[in-house]
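Sequences listed follow chains W and F, in order. The numbers in my numbering rise by one with no breaks, and the one at position 178 of the first sequence is 184. The numbers in my numbering rise by one with no breaks, and the one at position 22 of the second sequence is 28. Beta carbons are placed, not taken as given, at the ideal position from N, Cα and C, and that holds for glycine. Source: prediction; values computed, not measured. Everything below concerns the one structure shown next.
Protein chains: 2
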Amino acid sequence: MNTFSEENYLKAIFRLSQMPAVSKISTSAIAESLGNNPASVVDMIRKLTDKQLIEYDKKKGVKLTAQGEKDAIQIIRKHRLWEVFLLEKLEYRWDEIHDIAEELEHIKHTDLADRLDKFLGFPEYDPHGDPIPKANGKMAKSFSASLADGKTGSTYRVAAVRDTSSAFLQYLHKLKISIGTQIRLIEQIAFDQSLVISIDNGEPTTVSSKFVENILIS
Amino acid sequence: MNTFSEENYLKAIFRLSQMPAVSKISTSAIAESLGNNPASVVDMIRKLTDKQLIEYDKKKGVKLTAQGEKDAIQIIRKHRLWEVFLLEKLEYRWDEIHDIAEELEHIKHTDLADRLDKFLGFPEYDPHGDPIPKANGKMAKSFSASLADGKTGSTYRVAAVRDTSSAFLQYLHKLKISIGTQIRLIEQIAFDQSLVISIDNGEPTTVSSKFVENILIS
DNA sequence: TAATAAAATTAGTTTTGTCTAATTTTATTA
DNA sequence: TAATAAAATTAGACAAAACTAATTTTATTA
């Protein structure tokens, strides 16, 4: 069994490996992703290598082994299932659930994820639009197309969010945007790339390019 | 905030303080209760004293301060609420829930216990018959009368169990005894104090004195 | 290519929570 | 009361997971 800390590293490495822009998972990338010191990451790379959960090559960076990926996916499965539980059953807000799920995801017990899955009705996606891995580790592909790449004049459906920070989610809440919301791109301002959008056919609103980059569409 | 380990000590101390037979909570009693070395307990007594969660007097042993008791009760509240969740919602067996709740009880987040409480319909007792502390820390008295003190010929209602180990709970399951079951004391065997009982008016069964001591009646 | 910057690593430290072994204190009993 | 047993404590060690500071390696750029 892996410790909480090992699990957090596996999760971070998995997350980085899923990012198309990241070609090599470096010590410093992991450090930044976890908010840890690179020296600490070096220690953990050694430990996870010994446990055969990752492979490390100075040139190629870090790669999860089959077992490491399996373990990472199971943690992500639990994280996303707990998020559904917290939102749907305990009525937490969208922006509150991530941090609590960060703790709950580490609870280990045979069957816990499977029973929770069943209790929740086998949800396909978590409240942020991320796919929930199945018991066998199979997982639908994440949405990757960003609203930032949409065409002016077209309308898109919000499928997921890239950033799950409460600052971003609270802003979305304020704009009345959630999974399923329709957004039309009206105009791009040349000066600073900000965008004028219409939310569910409402009045035009201006948002930043950073904002639209974090909205994923289906 | 307290660490997992500190919380476990507070809980153990609270549990010991609730036991009528225990007049003084000693280093060794805590060690035995947690399965730790007495030397470790000495260290933790120092730390909890510094944090003003307990008071320690060589003569009188360990006592929780008002704050320490408050903290302990909140952990117990979470433990018992999660037990209800695991049994009722995730359909775990009676003997499986304790260990999982031992992990879940340490999850900290404003409101978590209160939201869980509401979701579960404000249960009064956990699946082992122990009272669930309210949000304000108020808690019904535990059942303390043991079936071992019952009179031969009388019938009693199982209100709670003293031992929550899976060995005991599995045995109860096998005997079809749960909270609410009626037990009649038929006869005590002088030789080894074992007892002949009738479960829900069924055929006579013989059980040990240790067994009946761990059944609490209302 | 040499100089510089960035990334990775090593060495040594800290905190938390545990342990063992030795010692001291307290309690029990002959 | 003195001897013995039990309980408590101290001293020192260890593992996990983090850190800082210094150094080495690798990459970038003038």
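Using a C-beta to C-beta distance shorter than 8 Å, which residues of chain W count as neighbours of residue i?
i, result
"residue 99 of chain F", "Chain W residues near residue 99 of chain F: none, gap ~11 Å exceeds 8 Å."
Check whether chain W comes within 8 Å of residue i, counting only Cβ atoms and requiring the distance to be less than that.
i, result
"residue 93 of chain F", "no"
"residue 115 of chain F", "yes"
"residue 118 of chain F", "yes"
Using the DSSP secondary-structure output, state which residues sit across from residue i in a beta bridge.
i, result
"residue 180 of chain W", "Answer is none; residue 180 of chain W lacks a bridge partner."
"residue 113 of chain W", "Note: residue 113 of chain W sits in no beta bridge, so no partner."
"residue 162 of chain W", "W:189"
"residue 137 of chain W", "W:131"
"residue 222 of chain F", "F:152 and F:166"
"residue 31 of chain F", "F:67"
For a contact meaning CB atoms closer than 9 Å, what does residue i contact in chain W?
i, result
"residue 109 of chain F", "112, 113, 114 and 115"
"residue 121 of chain F", "92, 95, 96, 97 and 98"
For chain F, find out if any of its Cβ atoms is closer than 8 Å to the Cβ of residue i; answer yes or no.
i, result
"residue 221 of chain W", "no"
"residue 106 of chain W", "yes"
3-residue-minimum beta strand (DSSP E) runs that sit fully inside the stretch 36 to 77 of chain W, ordered along the chain: 60 to 63 and 67 to 70
query: For the stretch 169 to 219 of chain F, which segments carrying the alpha helix (DSSP H) assignment without a break, of at least 4 residues, lie completely within its bounds, in sequence order?
result: 172 to 180 and 215 to 219
message: Please list, in chain order, the residues of the stretch 123 to 138 of chain W that have any C-beta partner in chain F closer than 9 Å.
response: Those residues of the stretch 123 to 138 of chain W that come within reach of chain F (Cβ to Cβ, closer than 9 Å) are 124 and 125.
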